[in-house]
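All remarks here apply to the structure that follows.
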Amino acid sequence: MARDPSYWWHPATQADPGEALRLEAAAGQQQRFAELDALAARLLGAALAGQPLATITPGRGRHTPDRAEVTALIPAEAALCASFFSVQKQHKRGAWYLPTKLSVKAGAVNLPHLLRERPGHALTLAADETARLTAVEGADTILLWALLVPLFETLLQPVRLRAAGDIFPPTHQQRFWTVIEERYRLLGIKDGALEAFRFGGAWPTLDRTGQQQARLELLDTLAAADLVALVARHRIQQLQALMAGFAKKAKAGTALARRVLTKELQPVVSAYFGGDWLAALDYLQAPVHPDEEIITALPEPRLYVGASVRTADVAAEAGIAEAAVQAMLAAFLGGSSSVSPVEERTAALLSWWAGFDRAHAVQSPGMPSLWGLVDEELMSLSRTEQGFTPQLYQQCLPAEVLEEVGRLWATVTLQRYPGRIVSNPRPHQIMADALGPAGDFWHGVGLTAWFVCEGPYSRTTLGRANRYYSKALAALRAAGCPVDTTFFRELSAAEQMLGPEEDITDSTSSTVETPYGQVTFTSSMGRRTRRKGFEGVRDLITRYRRAWAEQHLETYLQHRWRSELEDVAHQLHRHVAAKGKPPTLIQFSRFATEAANHWTGGDLGALYTAIGEPAPSEQERPARLVAGDGYDVARRVYQALGGEPVDHDTWLNSPEETQRQWQLGRLAAESLRYLQLQEALGQPPTAKQFGTQRLRWPWPGGEAEGWPHLQQALATLTGISPPLGSSPSPTASSTAVIRPREDGQQILAKGANVPLATEDATIRITASGVPVDVSAVLLTSKGRVRSDDDLVFYNHPFQDGVRVNGDTATAELSIIPESVSSIAIVVSVDPEGPPGAVFDQDTVWEAQITQPSGTRLSFVPPAFTGRETVAVAVELYRHVGGWKARAVGQGYDSGLAGLATDYGIDVEA
Numbered sequence: 071m072a073r074d075p076s077y078w079w080h081p082a083t084q085a086d087p088g089e090a091l092r093l094e095a096a097a098g099q100q101q102r103f104a105e106l107d108a109l110a111a112r113l114l115g116a117a118l119a120g121q122p123l124a125t126i127t128p129g130r131g132r133h134t135p136d137r138a139e140v141t142a143l144i145p146a147e148a149a150l151c152a153s154f155f156s157v158q159k160q161h162k163r164g165a166w167y168l169p170t171k172l173s174v175k176a177g178a179v180n181l182p183h184l185l186r187e188r189p190g191h192a193l194t195l196a197a198d199e200t201a202r203l204t205a206v207e208g209a210d211t212i213l214l215w216a217l218l219v220p221l222f223e224t225l226l227q228p229v230r231l232r233a234a235g236d237i238f239p240p241t242h243q244q245r246f247w248t249v250i251e252e253r254y255r256l257l258g259i260k261d262g263a264l265e266a267f268r269f270g271g272a273w274p275t276l277d278r279t280g281q282q283q284a285r286l287e288l289l290d291t292l293a294a295a296d297l298v299a300l301v302a303r304h305r306i307q308q309l310q311a312l313m314a315g316f317a318k319k320a321k322a323g324t325a326l327a328r329r330v331l332t333k334e335l336q337p338v339v340s341a342y343f344g345g346d347w348l349a350a351l352d353y354l355q356a357p358v359h360p361d362e363e364i365i366t367a368l369p370e371p372r373l374y375v376g377a378s379v380r381t382a383d384v385a386a387e388a389g390i391a392e393a394a395v396q397a398m399l400a401a402f403l404g405g406s407s408s409v410s411p412v413e414e415r416t417a418a419l420l421s422w423w424a425g426f427d428r429a430h431a432v433q434s435p436g437m438p439s440l441w442g443l444v445d446e447e448l449m450s451l452s453r454t455e456q457g458f459t460p461q462l463y464q465q466c467l468p469a470e471v472l473e474e475v476g477r478l479w480a481t482v483t484l485q486r487y488p489g490r491i492v493s494n495p496r497p498h499q500i501m502a503d504a505l506g507p508a509g510d511f512w513h514g515v516g517l518t519a520w521f522v523c524e525g526p527y528s529r530t531t532l533g534r535a536n537r538y539y540s541k542a543l544a545a546l547r548a549a550g551c552p553v554d555t556t557f558f559r560e561l562s563a564a565e566q567m568l569g570p571e572e573d574i575t576d577s578t579s580s581t582v583e584t585p586y587g588q589v590t591f592t593s594s595m596g597r598r599t600r601r602k603g604f605e606g607v608r609d610l611i612t613r614y615r616r617a618w619a620e621q622h623l624e625t626y627l628q629h630r631w632r633s634e635l636e637d638v639a640h641q642l643h644r645h646v647a648a649k650g651k652p653p654t655l656i657q658f659s660r661f662a663t664e665a666a667n668h669w670t671g672g673d674l675g676a677l678y679t680a681i682g683e684p685a686p687s688e689q690e691r692p693a694r695l696v697a698g699d700g701y702d703v704a705r706r707v708y709q710a711l712g713g714e715p716v717d718h719d720t721w722l723n724s725p726e727e728t729q730r731q732w733q734l735g736r737l738a739a740e741s742l743r744y745l746q747l748q749e750a751l752g753q754p755p756t757a758k759q760f761g762t763q764r765l766r767w768p769w770p771g772g773e774a775e776g777w778p779h780l781q782q783a784l785a786t787l788t789g790i791s792p793p794l795g796s797s798p799s800p801t802a803s804s805t806a807v808i809r810p811r812e813d814g815q816q817i818l819a820k821g822a823n824v825p826l827a828t829e830d831a832t833i834r835i836t837a838s839g840v841p842v843d844v845s846a847v848l849l850t851s852k853g854r855v856r857s858d859d860d861l862v863f864y865n866h867p868f869q870d871g872v873r874v875n876g877d878t879a880t881a882e883l884s885i886i887p888e889s890v891s892s893i894a895i896v897v898s899v900d901p902e903g904p905p906g907a908v909f910d911q912d913t914v915w916e917a918q919i920t921q922p923s924g925t926r927l928s929f930v931p932p933a934f935t936g937r938e939t940v941a942v943a944v945e946l947y948r949h950v951g952g953w954k955a956r957a958v959g960q961g962y963d964s965g966l967a968g969l970a971t972d973y974g975i976d977v978e979a
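The numbering of the sequence shown is our numbering, which starts it at 71 and goes up by one.
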């Protein structure tokens with residue numbers, strides 16, 4: 071953006087905070103922040119005086135989010151925050167970028183209190199006070215995330231850095247402290263505040279008490295400052311980043327919000343403008359972009375399900391044949407039937423429920439338990455749990471129900487590879503997931519009754535069933551389909567009427583010949599107990615289950631599909647509001663895959679139709695490698711790997727063999743995912759794609775020996791061989807060509823790898839034909855990021871020893887954390903470049919790797935032909951205590967979203 075003197079903030083962008091605030095006041099823009107500055111200053115003062123500001127209430131269970139609350143607000147401040155920071159209010163101002171899930175480091179705002187009250191454990195306690203929110207709802211959450219935590223983390227960084235110890239080399243420590251001292255200077259904090267902390271100061275000579283005293287003196291120094299002025303200086307620095315980001319994108323006098331508001335700038339707009347982009351433009355005195363669209367409310371979802379029951383009425387009103395209406399409806403749904411995929415599956419669940427109900431109603435002593443009637447996560451191949459019968463549904467349910475479940479839930483979409491619809495080896499499991507808590511509760515309470523009465527043991531009593539199944543019961547209440555509470559009183563009373571516990575023993579006899587004749591040895595072992603009276607409890611449960619189903623089942627099933635489809639529609643509308651365009655297929659799959667697998671057989675296009683939206687592309691349907699129930703395939707793989715089911719004696723006397731067989735069984739079960747990946751990829755997956763490092767390999771050579779065994783077993787099963795040279799780990803040697811160049815550089819062919827010195831490595835990308843961006847991704851041994859912060863790019867230029875600056879990435883290999891196993895250097899087409907630009911025959915880029923010790927490497931990839939817009943250029947990875955570089959050149963036609971999904975990065979964030 072050209073420098074226009076009429077914009078007051080242009081000279082403020084690079085000015086000292088004091089001068090920037092003077093310019094802001096002269097422009098009449100400072101008063102708008104008076105209440106916010108006063109709020110932040112009062113809370114900062116209260117915290118520095120020792121008052122806790124926030125509390126974290128942990129959620130109950132893995133699926134219940136924590137709750138963050140700012141408890142130090144006075145009534146007037148609470149009213150201000152409810153109006154300014156409320157998620158709903160910020161949405162109405164157009165802030166659809168607000169994260170739907172995040173971690174709030176609330177411990178940062180409580181650290182001053184902890185330093186005064188619990189000085190010996192303050193840092194540990196503060197680290198524990200992190201709210202992991204899967205649903206961002208309250209104003210307090212946004213207040214913490216956007217305004218308070220950034221302020222407190224800046225001020226208390228000296229305390230945190232000293233608490234980390236000397237984990238960095240002296241040169242890096244000196245650099246960090248130079249940055250911190252400059253920040254303190256810009257905030258107007260007096261000289262000497264960091265005397266005990268700074269690099270080369272007295273900190274290493276202080277004992278524990280002395281260090282605690284130094285922290286308290288820092289708090290006192292901060293408390294003595296003009297806190298309103300300090301807060302204002304911090305605010306203007308945050309806004310200077312917004313000014314710079316706006317100037318970079320405003321090439322025609324203004325810019326679109328979605329172009330400017332990066333992950334780092336989104337909380338700035340939420341903190342100081344209440345999420346209102348128009349208010350931010352007013353502050354910048356910039357016009358609204360002609361293409362800007364501020365969405366203040368999302369459209370209500372419109373679902374296209376259930377129309378088939380109205381075809382006769384529509385035909386009569388239109389005066390045409392019902393068959394014609396059905397044909398038009400079938401064409402709209404994209405199939406041969408006028409019945410939607412959702413309706414088909416709802417009808418199949420009703421039929422399944424009838425068979426499920428009959429199986430429980432006729433259960434009697436002497437029969438096997440019904441554990442296995444509903445297909446759960448458990449797939450036991452090496453040893454069957456006592457009382458569990460795999461695939462019991464095949465014995466108990468009518469053939470037409472089995473055929474219907476196998477047909478309707480035969481396919482799924484894998485979230486990471488949504489371009490293809492693949493086989494589902496566990497159709498009964500996905501069906502049970504679609505059914506949800508109704509199946510969990512009524513099947514669970516039936517099994518509890520059986521195991522209490524018939525043994526061998528039960529995880530809970532009948533009297534505590536309402537507590538044990540509280541999660542499922544809460545979900546049923548939320549769906550408007552509660553279980554009658556009288557049932558639990560009667561169930562508890564029925565338990566009291568059961569007979570006394572009776573030991574059930576297993577006896578074995580053996581006869582041996584002796585000089586005195588035959589001698590028979592009999593041994594008995596008590597392994598379970600039973601109580602008479604199962605039939606009465608069974609009939610009680612059956613009566614209440616049938617009453618519940620008659621009153622609620624159809625309503626409940628409608629709630630199941632409606633809530634899932636409406637959530638998908640809401641997420642799609644939210645994406646459009648935040649990004650200004652519909653999601654790509656891979657972006658859509660992130661929030662739609664589960665619903666598609668439940669209600670449309672993994673068909674994302676059919677799901678788009680159900681919510682009334684056009685699909686961006688059509689999915690492929692490759693040849694299926696898993697036909698029917700995956701249990702049979704897994705058993706064949708288990709046998710091919712040398713698996714033999716563990717009997718009771720082996721389980722008792724040979725724990726090593728039991729463990730080995732369990733590991734083989736786990737690999738056999740995971741082989742189903744291998745085959746799904748093979749369908750999705752069009753070829754057998756590599757070790758990295760399969761995730762070999764997640765698994766245990768019970769061979770002397772571990773993964774290196776076991777991975778080829780699994781590949782061979784599956785190749786024999788499918789008739790498709792794995793790629794030649796596929797390797798179980800990224801540390802395998804490469805036979806690709808490395809040749810010298812006249813200027814001393816080594817030229818790497820694609821796939822080649824060479825050792826690096828454990829020192830700084832600089833990777834520079836030069837490109838012609840298209841402008842490019844350079845980024846880096848820090849990866850664990852599983853090939854995934856630890857958090858979204860592991861993506862290093864121009865808006866987040868440094869992370870754990872890796873820095874990106876323009877066309878260059880630098881990795882300080884000597885300080886990379888042990889949790890990072892590799893660093894991918896990524897080159898992508900600049901989104902500000904020519905529309906439709908891709909890597910092709912006319913595009914050439916080169917990656918040059920240099921090190922101070924003399925390493926000079928060059929890699930130019932072969933020409934791209936698949937309209938790729940992103941490529942992994944090179945990879946730096948750990949190898950035998952050191953580092954190596956590999957020439958990769960792997961392109962992505964799905965853009966940064968595809969690469970991010972592969973690496974586990976939250977694309978929306």
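Here a beta-carbon is modelled for each residue, glycine too, at the ideal position from N, C-alpha and C.
Checking the DSSP bridge columns, you'll see V482 partnered with V492. Taken through DSSP and simplified to helix, strand or coil, E726 comes out as helix.
T531 and N494 have their C-alpha atoms some 36 Å from each other. For D361, same chain residues with a beta-carbon under 7 Å away, outside a window of 5 residues either side, are L326 in chain order. Using a 10 angstroms sphere on the CB of V950, the tally of other CB atoms stays under 16, which defines it as exposed. Note that the segment 86-96 touches the segment 303-311; at least 3 beta-carbon pairs, one per stretch, sit closer than 8 Å. Here A693 is exposed: its Cβ has fewer than 16 other Cβ atoms, across all protein chains shown, within 10 Å. CA-to-CA, the gap between R926 and A710 works out to about 48 Å. Around V862, the same chain offers S845, A846, V847, L848, F868, Q869, V872, R873, V874, A879 as residues with beta carbons nearer than 8 Å, after the five sequence neighbours per side are excluded.
For the segment 152-219, the continuous beta strand (DSSP E) assignments of 3+ residues that do not extend past its boundaries occur at 172-174, 201-203, in sequence order.
If you look at F661, you'll find it in the alpha helix (DSSP H) that goes 655-669.
Boundaries of the alpha helix (DSSP H) harbouring Q308: 297-319, taken from the DSSP string. At least 8 Å separates the beta-carbon of V842 from that of I895.
Shown here, Y538 sits in a helix according to DSSP, grouped into three states. Per DSSP, F267 lies in no beta strand (DSSP E) and is assigned neither H nor E. Per DSSP, reduced to three states, the secondary structure at Y947 is strand. Counting only the Cα atoms, W166 lies some 29 Å from N180.
In the structure shown, A933 falls within a coil segment according to DSSP collapsed to helix, strand and coil. Non-local beta-carbon contacts of G315 in its own chain, meaning distances under 6 Å to residues more than five positions away in sequence, involve V330, L335 in chain order.
For the 8 Å CB-CB criterion, S421 and V375 do not form a contact. CA-to-CA, the gap between F760 and E775 works out to about 16 Å. Of all C-beta pairs linking the segment 658-666 to the segment 628-642, three or more are shorter than 8 Å, placing the two stretches in contact.
E571 and H513 have their C-alpha atoms spaced approximately 24 Å apart.
Inter-segment contact for the segment 538-557 and the segment 502-512 is present: three or more beta-carbon pairs are separated by less than 8 Å.
Taking C-beta atoms under 8 Å as the contact rule, I790 and P754 qualify, at a distance of about 6 Å. Each residue's CA atom was taken as its position, placing L561 and R534 some 9 Å apart. Taking one beta carbon from each stretch, the segment 81-90 and the segment 288-307 have 3 or more pairs nearer than 8 Å; the two touch. Of the candidates I885, T939, L946, A881, L946 places its Cα closest to the Cα of S851. Between P684 and P371, the alpha-carbon positions lie close to 14 Å from each other. The residue among T939, F521, V475, G442 with its C-alpha nearest the C-alpha of T670 is V475. In the three-state DSSP reduction, K649 falls in the helix class (H, G or I). L217 is not a Cβ neighbour of I259, given a cutoff of 8 Å. The segment 416-436 makes contact with the segment 464-472, as at least three CB pairs between them are under 8 Å. Unbroken alpha helix (DSSP H) stretches of 4 residues or longer found wholly inside the segment 676-717: 700-710, given in chain order. Rounded to the nearest angstrom, the gap between the Cα atoms of R428 and D702 is 26 Å.
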